[in-house]
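Chains as they are written, first to last, in full-length UniProt numbering: chain A, 1 to 143; chain B, 1 to 104.
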Amino acid sequence: MENKTFPATLDSLDDLRDLVREKALLAHLDKKKTYNLMLALDEIATNIILYGYEQAGKEGVLDVITDLSDRQLTIVVEDDAAPFDPLQRDLPDEDDFSKPLEERPIGGMGIFLTINGVDEFRYEYTHNRNRNIFIMNVPATEA
Amino acid sequence: MSFHILAEAKKIAKITLAGELDSLSAREFQREIEKVAAEGPDELVLFVENLTFISSAGLRVLIFAKQKIGTNLAIYIVQPQENIVDTLEKTGLQHSVNIVDKYM
Numbered sequence: 001m002e003n004k005t006f007p008a009t010l011d012s013l014d015d016l017r018d019l020v021r022e023k024a025l026l027a028h029l030d031k032k033k034t035y036n037l038m039l040a041l042d043e044i045a046t047n048i049i050l051y052g053y054e055q056a057g058k059e060g061v062l063d064v065i066t067d068l069s070d071r072q073l074t075i076v077v078e079d080d081a082a083p084f085d086p087l088q089r090d091l092p093d094e095d096d097f098s099k100p101l102e103e104r105p106i107g108g109m110g111i112f113l114t115i116n117g118v119d120e121f122r123y124e125y126t127h128n129r130n131r132n133i134f135i136m137n138v139p140a141t142e143a
Numbered sequence: 001m002s003f004h005i006l007a008e009a010k011k012i013a014k015i016t017l018a019g020e021l022d023s024l025s026a027r028e029f030q031r032e033i034e035k036v037a038a039e040g041p042d043e044l045v046l047f048v049e050n051l052t053f054i055s056s057a058g059l060r061v062l063i064f065a066k067q068k069i070g071t072n073l074a075i076y077i078v079q080p081q082e083n084i085v086d087t088l089e090k091t092g093l094q095h096s097v098n099i100v101d102k103y104m
C-alpha cells in the first residue's frame, strides 16, 4: 500500500495521471485499460477539485492510496470536501447521447466515463472523508 | 439571359491540439473557441494527431463550440488516436462530429 498526497488544484491532474500510468504499468494493464483508469481518476478528481473544494471556497488535498495485489489494482481517492456520492447523480443514457449536440445535457459525462472505464467503482463516506474507489482486475500472469 | 455568378468562400477555423486535454487545459481550449466563434466560421477543423488524452472537460468544449457558433457548424476531428475515438464513441459525440484521416 502506498499513499500520495496532492494539493486539490487542477495543476495536480497531470501528476495524478502520471501516478496512474506508473501503477497501471506495474499491474500489467493493457493500453486501453490504462487509459480508461487514467480517465476515470481524472474525471473524479476534477469533480472533487472544482466542486468539492474550489466552488466551496475550500482548500485541501487529495490523498491517493494505491494497492496492487495478484488480482487487482485498487486506487482510492480520499478528500475532505462535503460528502458527494457520484453514483447518486443522474447519468445521461443512450437517448441523451444520440441527441444532437446542441440539445444534449452537458453534465454527467465524466461520471459516465468513470463508471464505464473501470472494472469496479465504489463510493463510501467514512471518518468524515469521501472515498472514491477504483478497481481494475489484473491480467493473470503466466506461470 | 444575363450571366450571374455568386461565389462565397467558406470560413474555416483550424486548431491544432497536442498533449493532454484535461479540465485545466480545456479552459485554454475554450478561450480559443470563443475567439474563433467571433469570426462565425462554417467549419471547425481540429488537428489532433498528437493529442493523447481528452477528458469530459474537453468534450464539453466541443459541445460548447456547437452551441456558441451554431448548429450548422461542421466539426472535423483529424487523425484522432484510438483512445480518443473510443471516448467520442462512448459518449455518442461521433454522431455530431466528422472523424477523418485527412482534412481536404
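Backbone N, C-alpha and C define an ideal beta-carbon position, used for all residues, glycine too.
What does the alpha-carbon distance come out to for the pair residue i and residue j?
i: B:Ala45; j: B:Gly70; result: Sequence check: residue 45 of chain B is Val here, not Ala. Distance between the alpha carbons of B:Val45 and B:Gly70: 15 Å.
i: A:Asp70; j: A:Gly117; result: 20 Å
i: A:Leu19; j: B:Ala13; result: 36 Å
i: A:Val77; j: B:Glu32; result: 32 Å
i: A:Met109; j: B:Asp86; result: 14 Å
i: A:Thr46; j: A:Ile111; result: 11 Å
i: B:Ile5; j: B:Lys11; result: 19 Å
i: A:Asn130; j: B:Leu59; result: 26 Å
i: A:Asp119; j: A:Phe84; result: 21 Å
i: A:Phe134; j: A:Asp79; result: 15 Å
i: A:Pro91; j: B:Ser2; result: This sequence places Leu at residue 91 of chain A; Pro is not what is there. Straight-line Cα distance between these residues: approximately 60 Å.
i: A:Lys58; j: A:Ile48; result: 11 Å
i: B:Ile84; j: B:Asn98; result: 13 Å
i: B:Ile63; j: A:Met1; result: 40 Å
i: B:Asn72; j: A:Ile115; result: 33 Å
i: A:Pro100; j: A:Thr141; result: 44 Å
i: B:Pro80; j: B:Pro41; result: 22 Å
According to the Cβ coordinates, are residue i and residue j closer than 9 Å?
i: B:Val78; j: B:Val36; result: no
i: B:Ser56; j: A:Leu113; result: yes
i: A:Leu68; j: A:Ala27; result: yes
i: residue 145 of chain A; j: A:Pro139; result: Outside the displayed span of chain A (1 to 143) sits residue 145 of chain A, for which this structure offers no information.
i: A:Leu41; j: A:Ile75; result: yes
i: B:Phe29; j: A:Leu39; result: no
i: A:Gly81; j: A:Tyr35; result: Looking at the sequence shown, residue 81 of chain A is not Gly but Ala. The answer is no: Cβ separation not under 9 Å.
i: A:Gln72; j: A:Asn137; result: yes
i: A:Leu10; j: B:Ser23; result: yes
i: B:Glu34; j: B:Lys68; result: yes
i: B:Glu43; j: B:Ala74; result: yes
i: B:Leu51; j: B:Leu88; result: no
Determine the chain B residues that contact residue i at a beta-carbon separation under 8 Å, and present them in chain order.
i: A:Thr141; result: Result: empty, since nearest Cβ-Cβ is about 24 Å, beyond 8 Å.
i: A:Leu13; result: Asp22, Ser23 and Leu24
For residue i, which residues does DSSP report across the bridge?
i: A:Arg129; result: A:Thr126
i: B:Ala13; result: B:Leu44
i: A:Gln72; result: A:Asn137
i: B:Glu8; result: In the DSSP output, where bridge partners are listed per residue, B:Glu8 has none listed.
Can you pull the chain B residues whose beta carbon is under 9 Å from the beta carbon of residue i, in chain order?
i: A:Tyr51; result: What A:Tyr51 touches in chain B: nothing, since even the nearest Cβ is about 11 Å away.
Along chain A, in chain order, which residues have C-beta atoms closer than 9 Å to that of residue i?
i: B:Gly92; result: Pro92, Glu94, Asp96, Phe97, Ser98, Lys99 and Arg104
i: B:Asn72; result: Residues of chain A passing the Cβ test: none, with the nearest at roughly 10 Å.
Starting from the beta carbon of residue i, find every residue of chain A whose beta carbon is closer than 7 Å, and list them in chain order.
i: B:His95; result: Ser98
Whose Cβ in chain A lies nearer than 8 Å to the Cβ of residue i?
i: B:Ala57; result: Thr46 and Gly110
Along chain B, in chain order, which residues have C-beta atoms closer than 7 Å to that of residue i?
i: A:Asp42; result: Asp22 and Ser55
i: A:Leu29; result: The contacting residues do not exist; A:Leu29 stays about 13 Å from chain B at best.
i: A:Ile125; result: Per the sequence presented here, residue 125 of chain A reads as Tyr, with Ile not at that position. The contacting residues do not exist; A:Tyr125 stays about 24 Å from chain B at best.
CB of residue i to nearest heavy atom of the ligand FAD: below 8 Å?
i: A:Asn3; result: As for the ligand FAD, it is missing from this structure, which has no ligand bound.
Please list the segments of the alpha helix (DSSP H) lying wholly inside the UniProt domain "STAS" (15-104) of chain B, counting only runs of 4 or more residues, in order along the chain.
25-37, 56-69 and 82-90
Hey, which unbroken runs of the beta strand (DSSP E) at 3 residues or more fall wholly within the UniProt domain "Histidine kinase/HSP90-like ATPase" (6-132) of chain A?
61-68, 72-79 and 120-126
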